[in-house]
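Colleague: Next up is a structure, given as structure tokens.
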């Protein structure tokens, strides 16, 4: 196979591998959320919101500080992503087409291919920025709601509504991180399709380890939930 055609095979294969993995993760979150860290965290968020709103006067400062820490983390990632987009644009505009081709790149070295590579990385960082903006939006909304007493204490705010807003912010945070992960593999595409494909395989293996839970983790959360329910009944 000619060198310039490697990109047409390996790059779509690497992207397809990442798409298949993320579709599997989404299906698992919907059907069996306890098998995934995202699904398990959503259940933990529900218990945390109910605990904070059970005594909003005493837990208000702790709840707001916790949400604020998440807002700061999303702000850092959002700022980083949009800064990287700006740097990439400056680099592309300052680099001459003749200097784009490099001897260390094994693959398509045309100016069009290089433009597509940089555009793909910039697109991922832009998507990460937008996801983090939505994450900040939901977390800011939660910071106002979490200090209200739960329904039944003279307030019309349900803990389930606050939990949905908190989980939506968490989901956008996860999507922003996924965009960062994909941008890493696309960045390696600049050095050729082979590093991109290898990094996609390694990335999926690492994400499987980070996204799934073990029986010990699921059992620990189950025991904690039972103990918490007993304490609330007492």
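Numbering (my numbering), first residue to last: 7 to 240. Glycine included, each C-beta is placed from N, C-alpha and C at the ideal position. It should be emphasised that the depicted structure is a prediction, and the values quoted were computed from it without experimental measurement.
1. For residue 42, name the three-state secondary structure that DSSP assigns.
2. Should residue 78 be labelled buried (16 or more other beta-carbon atoms within 10 Å of its own) or exposed?
3. Rank 74, 38, 214, 25 by C-alpha distance to the C-alpha of residue 175 and give the top, closest one.
4. Do residue 206 and residue 90 have their C-beta atoms within less than 9 Å of each other?
5. Since residue 217 and residue 86 should fall inside the 8 Å C-beta cutoff, what is the C-beta to C-beta distance between them, to a whole number of angstroms?
6. Give the secondary structure of residue 85 by DSSP, where H, G and I count as helix, E and B as strand, and everything else as coil.
7. State the Cα-Cα distance for the pair residue 97 and residue 196, rounded to the nearest angstrom.
8. Between the Cα of residue 185 and those of 134, 63, 113, spot the shortest distance and give me the residue it belongs to.
9. Using only the alpha-carbon positions, how far apart do residue 243 and residue 16 sit?
10. Using C-beta distances below 8 Å, list every residue in its chain close to residue 223, excluding the 5 sequence neighbours before and after it, in chain order.
11. Compare the Cα-Cα distances from residue 94 to each of 132, 80, 183 and report the closest residue.
12. For residue 213 versus residue 187, is the C-beta spacing smaller than 9 Å?
13. Tell me whether the beta-carbon of residue 55 lies closer than 9 Å to the beta-carbon of residue 201.
14. With a cut-off of 8 Å, do at least 3 Cβ pairs link the stretch 142-154 to the stretch 56-75?
15. What is the DSSP secondary structure of residue 146, reduced to helix, strand or coil?
16. Taking its Cβ as the centre, do 16 or more other Cβ atoms sit within 10 Å of residue 82, making it buried, or is it exposed?
17. Who are residue 218's beta bridge partners in DSSP?
18. Could you tell me the distance, in whole angstroms, from the CA atom of residue 128 to the CA atom of residue 36?
19. My assumption, with CB atoms under 8 Å, is that residue 203 sits in contact with residue 19. Please give the rounded CB distance.
20. Under three-state DSSP, which class holds residue 34?
21. When burial is assigned at 16 or more other CB atoms within 10 Å of the CB, is residue 167 buried or exposed?
22. Is residue 239 helix, strand or coil when you go by DSSP?
23. Counting along the chain, where does the alpha helix (DSSP H) carrying residue 191 start and finish?
Modeller: Well, looking at it:
1. strand
2. exposed
3. 74
4. no
5. Their Cβ separation, rounded to whole angstroms, is 22 Å, which puts residue 217 and residue 86 out of contact at 8 Å.
6. helix
7. 13 Å
8. 134
9. Coverage of the chain is limited to positions 7 through 240, which leaves residue 243 absent and any answer about it impossible.
10. 46
11. 132
12. yes
13. no
14. yes
15. helix
16. exposed
17. 42
18. 30 Å
19. 6 Å
20. helix
21. exposed
22. The pLDDT assigned to residue 239 is 48, lower than 50, so where the model puts this residue is not dependable, and the model offers no usable value.
23. 165-195
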